[in-house]
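Going down the list, the sequences are from chains C and B.
So the first sequence is numbered by our numbering: it starts at 1 and just counts up by one.
So the second sequence is numbered by our numbering: it starts at 1001 and just counts up by one.
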Amino acid sequence: MTAKKIIQLEGLTKRYGSRMALNNITLDIEPGVSGLLGPNGCGKSTMIKSVLGLLKIQAGSVRVMGYQLPHELRKIRDVVGYLPEDDSFIAGLSGIECVTYMAKLSGLPGAEALRRSHEVMDFADIGQERYRNVETYSTGMRQKLKFAQAIVHDPELLILDEPTSGLDPEQRTSMLRKINNLATQHGKSVLICTHILHDVRTVCEHIVIMSKGEIRLKDTLENLSRPSTSGVFVRVEARTPATVEDKYPDATNFLGSLRATNVEAELREKGSVWVSNASGDSTRQIWQAASAANVFIQQLTPAKNSLEELFFNTVQEAERATA
Amino acid sequence: MPLHDVGYRGWEGEKSSDRNRWWIIATTGVQLAFRSTWLSRTLVLSWVPAIIVGLFFFFFEQSIVNPQWRSFMQAVVIAAGTSPELAQKVILDPESARHEVWSSLILIFFRYPQAVLMLLVVAIVSTRLISADLRNRGYLLYFSRPLTPSSYVLGKAFVVWAFMAMIITLPALILFTVGLALSPDWKVIFDTWDLPLRIVLASAVLMIPVSSVALACSALTSETRYAVFSWFSFWVVGWVSYWVMYVAEMQRQFGGGGRRRRIRGGRGMSEDDISDALFYTEWEIISPFHVLGRVQQYVFGLYPEDRPIWHFMTVLFLATLVSFWFVRRQVVSRLRA
Chain C
1 MTAKKIIQLE GLTKRYGSRM ALNNITLDIE PGVSGLLGPN GCGKSTMIKS VLGLLKIQAG
61 SVRVMGYQLP HELRKIRDVV GYLPEDDSFI AGLSGIECVT YMAKLSGLPG AEALRRSHEV
121 MDFADIGQER YRNVETYSTG MRQKLKFAQA IVHDPELLIL DEPTSGLDPE QRTSMLRKIN
181 NLATQHGKSV LICTHILHDV RTVCEHIVIM SKGEIRLKDT LENLSRPSTS GVFVRVEART
241 PATVEDKYPD ATNFLGSLRA TNVEAELREK GSVWVSNASG DSTRQIWQAA SAANVFIQQL
301 TPAKNSLEEL FFNTVQEAER ATA
Chain B
1001 MPLHDVGYRG WEGEKSSDRN RWWIIATTGV QLAFRSTWLS RTLVLSWVPA IIVGLFFFFF
1061 EQSIVNPQWR SFMQAVVIAA GTSPELAQKV ILDPESARHE VWSSLILIFF RYPQAVLMLL
1121 VVAIVSTRLI SADLRNRGYL LYFSRPLTPS SYVLGKAFVV WAFMAMIITL PALILFTVGL
1181 ALSPDWKVIF DTWDLPLRIV LASAVLMIPV SSVALACSAL TSETRYAVFS WFSFWVVGWV
1241 SYWVMYVAEM QRQFGGGGRR RRIRGGRGMS EDDISDALFY TEWEIISPFH VLGRVQQYVF
1301 GLYPEDRPIW HFMTVLFLAT LVSFWFVRRQ VVSRLRA
């Protein structure tokens, strides 16, 4: 049985004048936390706004949580919570009034809207500042406020456009923890639109990479993190260094010992060796070679696909293809 | 930290209907506007004219039973610019003139003190209604919820209507009630029963086009001060243009000089024609203040039956339509930018 798709796009096309913002995008997003990655101006926000029915699309179909745009737009907005990238607030209101107002606009009855707003503001770590006018809020506070208003009506799907922008490292970790909590403990689906790869690696299960208005890559984080080669990175340390500078020796002896046992290896930076096509036997041979070369093994790391590398390669490929 | 942190909890209550979302925008807008101390002061000030006009109601009703008061009321009626026949009736048979005098007094209340106060109140209330949302991108929060641009505009318009009703409709209705209470004659109820309806209708004639123009000024820019400037410019430019054209027209018809000399200068014209030429010029159509005045005059039954009113009504209708279309367009275009 296939999982219910939270967002289904088919042939989605959006042009701004002669500029193609979204080029015939076909994409299915599964429940869970998905990261929408892409460089600035690649069409991420346009895609999100199209999904929310804020933009009029030229072609294609959009289905969100099973509801079809544009006929079921209201139902879509009922089940979606949106945190916009832009600094957005209602001038003149205090934080609590702003969230309560948004709760009422989402259909929560008066007293319940106020109670619920306090609850989500507690969750969003907004303390007594909630009684202050939103115009006096710092960027980080406004980000938390936008988060609170996005979850106040308990939506099934959260669309968060740059949720950690403007937050300090501690708040950023806290925000990611909250997103993770919503997904894992409360069954919310989340689409995070960002270009901060660390955030994606921390919370996302699925990754979508966009560039030049097209989807370039879509897979699970697990698959994307799986190494494309079976290499091992080895860092060695001298057994008895005379000085601190001698701690990481020239690994030529170690490399020679490895090659003597028919292991494919090459020198990297000082004290480091890359072992290609490593298998189970290679580990034993690496330890033996280290003993023969009279060095310690300080680090032995299996090859891993770096999300950064993958992202840059995908984007560069897209740019080359367009050029 | 909260006293009792419950973490995140789901919400499973019943949501209210989509149809009342405009009402939430309206009530929040009214609450927000009330935070302006200048608005509160202007609202208090706006009730002062009602007291003065209320005194005239009292004087008129007293003149029915006390003939010595009639000459004073006649002077008031003449100063108000009503017809000479009405001034005559006030002396001879004030009871038969009651409906017309009451209507004229309420129309004056609408047209002069309240119109000026309306300019101030609407400037305070309406100019930031949409411009602030455009500046702070509040529209992204509004329209990520089940809300249509039309509901948004309706909610914002209602805020303007509410304050206009507070300074125009409500005092006028209270004025009417005070008039009834101060009258020594119970037949006043039968003579003036239709006036509350006319007050409500005249208020609608004023409120709907004025709110649409006010919101259009607010949606014109994200800078509230420019919205304020465009709001006052709209009235001042119309009013000044009218007077320039009026004076030019009078020069053309009657030659130079004051009003009396102009009347004497009307060669071969009857008194009625001269009066018509002085009070009803085709240039009124370029002044929103005069257009509104003529339609309100019609609503109170004081507009001459032989003169056309449709062109004033058409102007109001078109201005309302174009303004609301413009507001909606501005909001939607921001979303699509």
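Just so it is clear, CB atoms sit at the ideal spot from N, CA and C, and this is done for glycine as well.
Checklist entry - Name the residues in the region 1131-1160 of chain B whose C-beta lies less than 9 Å from a C-beta of chain C; which are they? => result 1132, 1133, 1135, 1136, 1137, 1138, 1139, 1140, 1141, 1142, 1143, 1144, 1145, 1146, 1147 and 1148
Checklist entry - Nearest to residue 274 (chain C) by alpha carbon, out of C:303, C:186 and C:62? => result C:303
Next on the checklist: For residue 134 (chain C) and residue 147 (chain C), I'd like the C-alpha separation in whole angstroms.
Outcome noted: 14 Å
Item to check | Cβ-based neighbour list, residue 42 (chain C), same chain, cut-off 6 Å, excluding 5 preceding and 5 following | outcome: 210 and 211
Checklist entry - With DSSP run on the structure shown, which of helix, strand or coil describes residue 118 (chain C)? => result helix
Next on the checklist: Between the alpha carbons of residue 38 (chain C) and residue 182 (chain C), how many angstroms are there, rounded?
Outcome noted: 24 Å
Checklist entry - Any idea what DSSP makes of residue 302 (chain C), helix, strand or coil? => result strand
Checklist entry - For the region 52-86 of chain C, which segments carrying the alpha helix (DSSP H) assignment without a break, of at least 4 residues, lie completely within its bounds, in sequence order? => result 73-79
Item to check | Pick from C:114, C:143, C:80 and C:268 that is closest to residue 176 (chain C), judged by C-alpha positions | outcome: C:143
Next on the checklist: Beta carbons nearer than 7 Å to chain B: which residues of the region 95-113 of chain C have them?
Outcome noted: 101, 102, 104, 105, 106, 107, 108, 109 and 112
Checklist entry - Would DSSP call residue 15 (chain C) helix, strand or coil? => result strand
Item to check | 7 Å Cβ cut-off: residues of chain B touching residue 119 (chain C) | outcome: 1006 and 1009
Next on the checklist: Using a 10 Å radius around the Cβ and a threshold of 16 neighbouring Cβ atoms, would you call residue 1098 (chain B) buried or exposed?
Outcome noted: buried
Next on the checklist: Is there a C-beta anywhere in chain C that falls below 8 Å from the one on residue 1035 (chain B)?
Outcome noted: yes
Next on the checklist: For residue 1029 (chain B), which residues in the same chain have their Cβ closer than 6 Å to its Cβ, ignoring the five residues on either side in sequence?
Outcome noted: 1159
Checklist entry - Under a CB-based cut-off of 8 Å, is residue 92 (chain C) close to chain B? => result yes
Checklist entry - At a CB-CB cut-off below 8 Å, which residues of chain C make contact with residue 1013 (chain B)? => result 108, 109 and 112
Checklist entry - Using DSSP with H/G/I as helix, E/B as strand and the rest coil, what is residue 110 (chain C)? => result helix
Next on the checklist: For the beta strand (DSSP E) containing residue 136 (chain C), name the first residue and the last one.
Outcome noted: Per DSSP, residue 136 (chain C) belongs to no beta strand (DSSP E) and is neither H nor E.
Checklist entry - Which stretch, first to last residue, makes up the beta strand (DSSP E) that contains residue 157 (chain C)? => result 157-161
Item to check | Outcome for residue 254 (chain C) when other beta-carbon atoms lying within 10 angstroms are tallied against a minimum of 16 | outcome: buried
Checklist entry - Who are the near neighbours of residue 1120 (chain B) in its chain, counting only those whose CB is closer than 6 Å to its CB and skipping five residues on each side? => result 1042
Checklist entry - If contact means a Cβ-Cβ distance below 7 Å, which residues of the region 1017-1033 of chain B contact chain C? => result 1018, 1021, 1024, 1028 and 1032
Checklist entry - Three-state secondary structure (DSSP) at residue 2 (chain C)? => result Because the pLDDT of residue 2 (chain C) is 46, which lies under 50, any placement of that residue in the model is unreliable, and the number read from its coordinates should be weighed accordingly. If DSSP states are grouped into helix, strand and coil, residue 2 (chain C) belongs with coil.
Checklist entry - Looking only at DSSP bridge pairs, what is residue 190 (chain C) linked to? => result C:33 and C:158
Checklist entry - If the cut is a Cβ gap below 9 Å, which residues of chain C does residue 1335 (chain B) touch? => result 49, 54 and 55
Item to check | Continuous alpha helix (DSSP H) assignments of at least 4 residues falling wholly in the region 1171-1199 of chain B | outcome: 1188-1192
Checklist entry - Between the beta-carbon of residue 88 (chain C) and the beta-carbon of residue 1129 (chain B), is there less than 8 Å? => result no
Checklist entry - How is residue 220 (chain C) classed by DSSP in three states: helix, strand or coil? => result strand
Item to check | Contact check, residue 15 (chain C) vs residue 58 (chain C), beta carbons under 8 Å | outcome: yes
Checklist entry - DSSP on residue 89 (chain C), reduced to helix/strand/coil? => result coil
Item to check | Selection of the region 175-187 of chain C by Cβ proximity to chain B, strictly under 7 Å | outcome: 181, 182 and 186
Checklist entry - From this set, B:1313, B:1040 and B:1157, which residue's C-alpha is nearest residue 1167 (chain B)'s C-alpha? => result B:1040
Checklist entry - Can you name the residues of chain B whose CB is closer than 9 Å to the CB of residue 84 (chain C)? => result 1137, 1140, 1141 and 1144
Next on the checklist: Rounded to whole angstroms, what is the Cα-Cα separation between residue 1066 (chain B) and residue 1114 (chain B)?
Outcome noted: 31 Å
Item to check | Residue environment, residue 1006 (chain B), which counts as buried when at least 16 other CB atoms sit within 10 Å | outcome: exposed
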